[in-house]
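S.K.: Have a look at this one before I ask anything.
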Amino acid sequence: MSQHVRRSPHMNVMVEAAEKAGRGLLRDFGEVENLQVSRKGPGDFVSNADLKAEKTVMAVLQKARPKFSFLMEESGETIGEDTANRWIVDPLDGTTNFLHGIPHWAVSIALEKDGEIIAGVIYDPIKDEMFTAEKGVGALMNNRRLRVSGRENLADALLAVGSEKDPAFAPEIVSLQGNCSGIRRNGSACLDLCYVAAGRFDAYWERGLNAWDVAAGALIAKEAGAHVSEIGGGKSFIHGRNSIIAANPRIYPPLAKHIASAAPQKARSAS
Ligand code: 2AM
Ligand code: CA
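Under the numbering used here, read the sequence shown as residues 46 to 316, first letter to last.
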């Protein structure tokens with residue numbers, strides 16, 4: 046079901062930047078496979094691809110909105126004349142996948158206005174899936190409206206989890222074993238959030254991420270009807286390396302209970 050939804054001028058600029066950077070990354074991704082066999086591996090090549098993508102995004106956004114500020118994964122903060130409007134950019138989310146030739150990574154761009162995320166774009170060039178959302182207007186994938194899943198029971202839910210390096214990871218997995226339909230670890234936080242928005246995953250959670258990992262995805266998930274919060278319910282899930290949980294509203298309560306009871310005390314206070 047394709048629907049005509051009017052995009053704001055900001056959104057057009059964000060989509061253009063994500064597409065242009067995505068096309069460059071796609072070309073570079075083709076080279077990564079060849080580099081796997083070299084002793085040094087594709088590490089430096091991928092770092093360079095990441096930097097190039099960030100420059101591409103910045104150039105497109107800056108040309109269209111010369112005064113806006115930036116917060117970007119590679120180059121950090123750039124204070125513009127306009128400090129109320131800020132682009133939050135992850136040029137390549139899922140870097141480890143990219144490095145290993147796994148086709149699951151994306152470009153993520155959010156627009157923050159007066160401290161609030163008002164628009165988000167996430168582009169997966171491999172699958173040609175463009176996820177977008179504007180605050181209060183809803184979320185789309187390639188112009189199709191997105192809606193979270195309607196699953197009601199945790200037992201039927203497909204869950205996406207974050208880093209296995211987190212001390213809470215193992216106890217949470219153990220607690221959920223046999224109590225859900227399956228658990229995935231796909232390696233791109235922004236796409237995990239988009240997949241919750243699209244009803245592919247019923248829930249996702251992770252700790253210790255940065256604003257550029259989640260800013261666009263959290264809005265896309267929210268606008269598709271997901272309940273999004275910090276683990277424990279707080280609202281500060283964008284800035285300050287906090288935790289994030291996004292779930293369909295029916296799966297959120299039983300999942301939050303599992304996570305709270307599974308996390309060891311130390312891991313909970315450290316998160
Ligand atoms: P990245 O690919 O841009 O680094 C994987 O669990 C997710 O966590 C990815 O979205 C990844 O983003 C993010 N992440 C943030 N910090 C990370 C780190 N130090 N190591 C690996 N992944 C990290
Ligand atoms: Ca990232």
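Note that CB positions come from ideal geometry on N, CA and C, so glycine has one too.
1. Does the contact criterion of 3 or more C-beta pairs under 8 Å hold for the region 259-274 versus the region 285-298?
2. Throw me the rounded Cβ distance for the Val358 and Ala62 pair, which I believe falls under 8 Å.
3. In whole angstroms, what is the alpha-carbon distance linking Val193 and Ala205?
4. With distances taken from CA atoms, which of Gly279, Asp173, Ala202, His149 is nearest Met186?
5. Excluding five sequence neighbours on each side, which residues of the same chain lie with their C-beta closer than 6 Å to the C-beta of Lys267?
6. Beta carbon of Asp258: closer than 6 Å to some heavy atom of ligand 2?
7. Using only the alpha-carbon positions, how far apart do Glu157 and Arg84 sit?
8. Would you say the beta carbon of Asp138 comes nearer than 6 Å to a heavy atom of ligand 2?
9. Report the residue from Ile228, Asp247, Ala151, Glu99 whose alpha carbon sits nearest the alpha carbon of Ala197.
10. What's the C-alpha gap between Phe113 and Trp132?
11. Kindly provide the ranges of any beta strand (DSSP E) runs that are 3 or more residues long and lie completely inside the region 179-256, ordered along the chain.
12. Answer yes or no: the CB of Asp89 versus the heavy atoms of ligand 2, is any distance below 6 Å?
13. On the DSSP bridge list, what partners appear for Ser274?
14. Would you tell me roughly how many angstroms separate the C-alpha atoms of Ala178 and Ser306, rounded to the nearest one?
M.R.: On the basis of the supplied data:
1. The region 259-274 is in contact with the region 285-298.
2. Since the first and last residues shown for the chain are 46 and 316, residue 358 lies out of range.
3. Working through the sequence shown from its first residue, we reach residue 193 at position 148. Working through the sequence shown from its first residue, we reach residue 205 at position 160. Each residue's Cα considered, the two are about 14 Å apart.
4. Here the question's residue 186 lines up with position 141 in the sequence shown. Among Gly279, Asp173, Ala202, His149, the Cα nearest to that of Met186 belongs to Asp173.
5. Against the sequence shown, residue 267 aligns to sequence position 222. Answer for Lys267: Val273, listed in chain order.
6. Within the sequence shown, the letter at position 213 stands for residue 258. Checking the Cβ of Asp258 against ligand 2 gives yes.
7. Taking the sequence shown and counting its residues from 1, the one referred to as residue 157 is at position 112. Taking the sequence shown and counting its residues from 1, the one referred to as residue 84 is at position 39. Their backbone Cα atoms lie some 42 Å apart in a straight line.
8. Locating residue 138 in the sequence shown gives position 93, where the first residue counts as 1. Correct: Asp138 has its Cβ closer than 6 Å to ligand 2.
9. The count along the sequence shown starts at 1 and reaches residue 197 at position 152. A quick correction: the sequence has Glu, not Ala, at residue 197. Looking at the Cα atoms, Asp247 is the closest of the given residues.
10. Indexing the sequence shown from 1 puts residue 113 at position 68. Indexing the sequence shown from 1 puts residue 132 at position 87. If I take the Cα positions, the gap works out to 7 Å.
11. List check, beta strand (DSSP E) in window: 183-186, 203-206, 227-229, 248-251.
12. Residue numbering aside, residue 89 sits at position 44 when the sequence shown is read from its first letter. Outside the cutoff, so no.
13. Stepping through the sequence shown from its first residue, residue 274 is reached at position 229. Partner(s): Ile290.
14. For this step, residue 178 is matched to residue 133 along the sequence shown. For this step, residue 306 is matched to residue 261 along the sequence shown. The straight-line gap from Cα to Cα measures roughly 33 Å.
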